[in-house]
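For reference, each letter of the sequence shown is one residue, going 1 to 749 in the UniProt record's numbering.
Note that the Cβ used here is the ideal one computed from N, Cα and C, for glycine as well.
Working notes, beginning with the structure itself.
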Amino acid sequence: MASVFAVSGVRAGATPAPWHRAASPSGRVADAHGHGCSTSRISPGGPWAKGAGRGARVAARVATTAPPSRTSTSGDDGEKFGRQSSMGVGDGVVPTTEEQRKALARSEPPKEYSPQRAAAKYGKRPGEVAVRVAQIGTSLGGFILDVLIDNQRGEFEKNAPKRADQLRRKLTELGPAFVKVGQALSTRPDLLPAQYLDELTSLQDALPTFSDADAFETVERELGRPLDAMFATITPSPIAAASLGQVYRATLIGSGKEVALKVQRPNIPKGLELDFHLIRVGAAFADRFVDSLNTSIVDLVDEFAARVFQELNYVQEGINAERFARLYGDRPDVVVPGIEWEYTSPRVITMDWVQGTKLSEQDSLRAQGLDVLQLVDTGIQCSLRQLLEFGYFHADPHPGNLLATPEGKLAFLDFGMMSETPETARYAIINHVVHLVNRDYQAMAQDYYALEFLDESVDVAPIVPALADFFDDVLEASVDQLNFKTITDGLGGVLYQYPFNVPGYYALILRSLTVLEGLALTTDPKFKVLGKAYPYMARRLLTDPRPQLRDAFAELLFKDGQFRWNRLENLLREGAKSDDYDAKAVIPPLVELIVGEDKPGEVNTLRPLVVAEAVKVVEALLLGQTVETARSEQLAPLVALLPEQLKRLPPMRVGSDTEEEELMALRAQVLRVSEMLSSSKGFDPSAMEPLAQALQQPAARSFIEAVITGVGTRVTARLIKELLGDSSSASNGGGGKGAEPNPTAAAAR
């Protein structure tokens, strides 16, 4: 996982390689479906195209005239894939309950974002556009000039922290659209240098409040009732102000329940539409003339603007919150506030009040006796489930949206922006971890196609050595000891010279885990987010029955044709640390690995390796003893699993000290694995029954026959070697004076 996250650390502030892509004359291209592409594409004749010559240095710059298509809904929360979507359920709000439908019908919802409509509208309003352009130019002009001067003087890196602070303040001054853009940029390591990312991370929704009278008027108009007919109490001023709205604390009449009441800023869609129109014009300019960019900025603006406009519909936020609770709220240490649908509309949302402390306020957390590291670990485990299990995750990851309750639980807030991880990417990430552990850098590079980091026309051959150079040094430490941010920052500099593009969903997850690790590091400088993530990954590899993960599991265990028992031990050890680990769930995948039926029309290249290892295990278990003897010793549970044909074998004999040592070491490993399984959480003796039963089924017959044949072949080979050795010894006077017998070998025979 380290390198998957790390690859997204490409830096826009570094000096581009001479073969970086130049602007295309047209600057326009569509994907295979006719939509505007939302990731940069490399032209087939470009420098990275498979088979391209070294002199080819130009590739197409991608722009688009329409926002990318977003995910449509399916009924399965765990199997919805596609690009990030703040809606989480497609282009339009899709209520699923009567109370949601009533909430949506209370007022006219905000219109969706359309760059074409905005261009047509403001093309007829030059005066309004000129005023806003002057405001933006006055605010950002000085900053841009300072950056250009820094770059000219070679002081870009030196002055980056100061310029980043300057940018954060300017974006705040310009209002909601620019605050949202700044927050989005803080998740894009492929667009900004590290100093800017760190500064923009602190760009929370610190905007001035709007009039309380306007807010209360909006509530009454949206909900159709006087304020005092709905709320017994309400704070006279907001307790928090965000870029799109502000929040009041209130008490419902009748139930007395405490709630958080969020009210949208008046006329905000109009201001956002104009600002995003102007930002898009600037993005098109950057796409055409800034050669160091690996990403189409117009695409990013369109996608992001669409998500912000969808965030304006608070009914959708409520639907998102309930879906998030359905998927992740079953954890006893996670809190998701419920929605009060009777008091919710497209511009007003009422949800349960959550009393808590921001994770960033660590002095306060410690004063309450709360364990910061435990809270962060909860966030990591929930984030991993969001990223790799269901694919539906919180897309606005900053400390203000994570609260620690007095009971020590982690509360998630603000569900306006949600995103989804494509199914192919979920499995690709886990496969990438396996390839990292195996140091299979060629396979790692191939993974970037499935992850959408690289266009399929890009040749990964030049990238493989860069991965090897970086990770051969990094992997001197174990995977679970790697510092997440250090790797993302370090590899970013290495890979900037290659045409990587970070998908939007991935940048958000990267930001989420980086924020969590940053919070933990203030308490424990030795904290490693990857170390906390590893048990989850191990559990998934051990227990998930999906074919994609079974292949990854087998690939991890069989390296260069050899079964790696130490890796199985490590997986069992780490997987047992996961809260959701169940030892019984480990057995079925192992059964499938050992005696699973071959798929029709496919050649099972793994089966010979499994048979070969099974032959060695049988020999190790029966080395120098009968089955009856083994049954009375520590080996009894394992020997009991052997089919009757194998139980009738005589005691194994070996021909050398070295072979005996190898088999005894293997026996010790098998016993350790058996002990780890039998002593782990959720295990009881009946858990082994599926394996014993599977070995008795007709489907296992070919496997057992192959093992018996393998054992017989090895025994025969040893006997022949022994006979030939004795014959040679006799003809040369072996056994005479001075020829001392080898007691160890004799005992083994």
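query, result
"Closest residue to leucine 691 among Ala706, Val586 and Glu342 (Cα-Cα distance)", "Val586"
"Backbone CA spacing between proline 109 and arginine 347 [nearest angstrom]", "8 Å"
"Assigned exposure category for glutamine 100 - 16 Cβ within 10 Å defines buried", "buried"
"Continuous beta strand (DSSP E) stretch holding phenylalanine 231: start and end", "231–234"
"Counterpart residues of lysine 262 in DSSP-defined beta bridges", "Val247 and Ile349"
"Extent of the continuous alpha helix (DSSP H) to which leucine 475 belongs", "First-last for leucine 475: undefined, no H or E at that position."
"Three-state secondary structure (DSSP) of methionine 418", "strand"
"Pair within 9 Å by beta-carbon distance, alanine 305 and arginine 288", "no"
"Contact the stretch 612–626 vs the stretch 704–724: 3+ CB pairs below 8 Å", "yes"
"Reduced DSSP secondary structure (H/G/I, E/B, other) of isoleucine 239", "coil"
"Limits of the beta strand (DSSP E) - the one that residue 750 falls within", "What is shown of the chain runs 1 to 749, which leaves residue 750 out entirely."
"Opposing strand residues paired with lysine 559 [DSSP bridges]", "Gln562"
"Rounded separation between glycine 271 and leucine 244 - CA only", "11 Å"
"Nearest-angstrom Cα separation, counted from alanine 468 out to phenylalanine 527", "26 Å"
"Limits of the unbroken alpha helix (DSSP H) element including residue 829", "Residue 829 lies beyond the stretch modelled for the chain, which goes from 1 to 749, so this question has no answer here."
"Phenylalanine 412 - containing beta strand (DSSP E), residue span", "410–412"
"Rounded separation between valine 437 and leucine 719 - CA only", "40 Å"
"9 Å Cβ cutoff met for leucine 609 and arginine 667", "no"
"For alanine 404, the three-state DSSP class (helix, strand or coil)", "strand"
"Nearest candidate by alpha-carbon position, reference lysine 102, set Thr344, Lys158, Asp302 and Leu312", "Thr344"
"Given 8 Å, three or more beta-carbon pairs between the stretch 534–549 and the stretch 575–584", "yes"
"Own chain, CB closer than 6 Å to leucine 370, minus 5 neighbours either side, in chain order", "Ala404 and Gly408"
"Arginine 426 versus aspartate 580: straight-line alpha-carbon distance, rounded", "19 Å"
"Presumed contact (8 Å Cβ cut-off) between valine 259 and glutamate 340, rounded CB distance", "6 Å"
"For histidine 277 and threonine 251, the rounded distance between their alpha carbons", "40 Å"
"Reduced DSSP secondary structure (H/G/I, E/B, other) of proline 499", "coil"
"Which residues DSSP lists as bridging leucine 252, in chain order", "Phe231"
"Serine 202 beta carbon less than 9 Å from that of arginine 169", "no"
"Neighbourhood of isoleucine 430 by C-beta, 6 Å cutoff - its chain only, sequence neighbours within 5 removed", "Ala552"
"Straight-line Cα distance separating arginine 567 from glycine 561", "14 Å"
"Separation of glutamate 555 from methionine 444, as counted between CA atoms", "13 Å"
"CA-to-CA distance, glutamate 273 to alanine 118, given in whole angstroms", "7 Å"
"When Val298, Lys559 and Asp291 are compared against glycine 282, the one with the closest alpha-carbon", "Val298"
"Straight-line gap, histidine 398 to arginine 265 (C-alpha atoms, nearest Å)", "22 Å"
"Reduced DSSP secondary structure (H/G/I, E/B, other) of lysine 358", "strand"
"Own chain residues within Cβ distance below 8 Å of arginine 366, not counting five before or after", "Val372"
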